[in-house]
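In terms of our numbering, the sequence shown opens at residue 17 and continues consecutively.
Comments concern the structure below.
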Amino acid sequence: VDAVKKSKNKDRIRVTIVGEAVKNVEVEYSDALQLYIDSCGLSEVFELVKNVDVGLMKNYYTQNDICVLCSKNEAAAVSIIEAMSYGCAVISTAKNGTAFILEKDTGMIFNPFDIRELTNCIDLYFADPAAAEKMGNLAKQYVEVNCSGRAYIESLNRCLENENYKFRVNID
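This is how it looks when you write it as structure tokens:
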């Protein structure tokens, strides 16, 4: 919220925050976040969406240009890989176990404790929409090549080609 508030493009930004709010602590956090958004005068910019069925997440990825993961400590966020698979450009916290896949051309990484750094990442996307679109396309290609089921099986077979193993996994 603070990064959008500081962005020189805040009048052009629309944000959908998707998250789980089932446990009391999650509901309280979501309610507090909504109050903060309202107090910043950004209720027209932000939409909070709670408890989305995993089968419906595709709709959110395809309706947005950028996916931002702001977690301060995420073991391995599958959400950025999902977003990339739908062609979303991704901005991720550096404290995310899957951030390493955001190579120079497929996404951006920021320090989760640096609002100015996140704001700069967001503003870079708005500075060059064609580059942002290219980044989303490259992200999609990266996932297709490196994170698909086929890529997993091919990688597994390379490991199994070691002479100590006597079996192979068939792709088809």
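The beta-carbon is built from N, C-alpha and C at its ideal position, and this holds for glycine as well.
- The residue from 128, 38, 53, 110 with its alpha-carbon nearest to that of residue 32 is 53.
- Residue range 40-55 is occupied by the alpha helix (DSSP H) that includes residue 53.
- In terms of CA proximity to residue 84, 17 leads the group 70, 36, 17.
- Boundaries of the alpha helix (DSSP H) harbouring residue 138: 131-143, taken from the DSSP string.
- Contact annotation, residue 142 with residue 67: C-beta distance approximately 30 angstroms; criterion of less than 8 angstroms not satisfied.
- Residue 88 counts as exposed, since fewer than 16 other C-beta atoms from the protein chains shown sit within 10 angstroms of its C-beta.
- For residue 170, the enclosing alpha helix (DSSP H) begins and ends at 165-176.
- Taking the C-beta atoms as reference points, residue 152 is found no nearer than 8 angstroms to residue 86.
- Annotation for residue 60: no alpha helix (DSSP H) segment contains it, and DSSP assigns it neither H nor E.
- Leaving aside the five residues that flank residue 91 on each side, the residues in its chain whose CB is nearer than 7 angstroms to its CB run, in chain order, 113.
- By the neighbour-count criterion, in which 16 or more other beta carbons inside 10 Å mark a residue as buried, residue 145 falls on the exposed side.
- According to the DSSP assignment, residue 78 belongs to the alpha helix (DSSP H) that extends over 73-79.
- About 5 angstroms separates the beta carbons of residue 108 and residue 96, which is inside the 8 angstroms limit, making them a contact pair.
- With a cutoff of 8 angstroms on beta-carbon distance, residue 23 and residue 138 are scored as near each other.
- DSSP places residue 85 within a strand segment (E or B) once states are collapsed to three.
- Contact check for residue 123 and residue 155: beta-carbon distance about 6 angstroms, within the 8 angstroms limit, so the pair qualifies.
- Taken through DSSP and simplified to helix, strand or coil, residue 111 comes out as coil.
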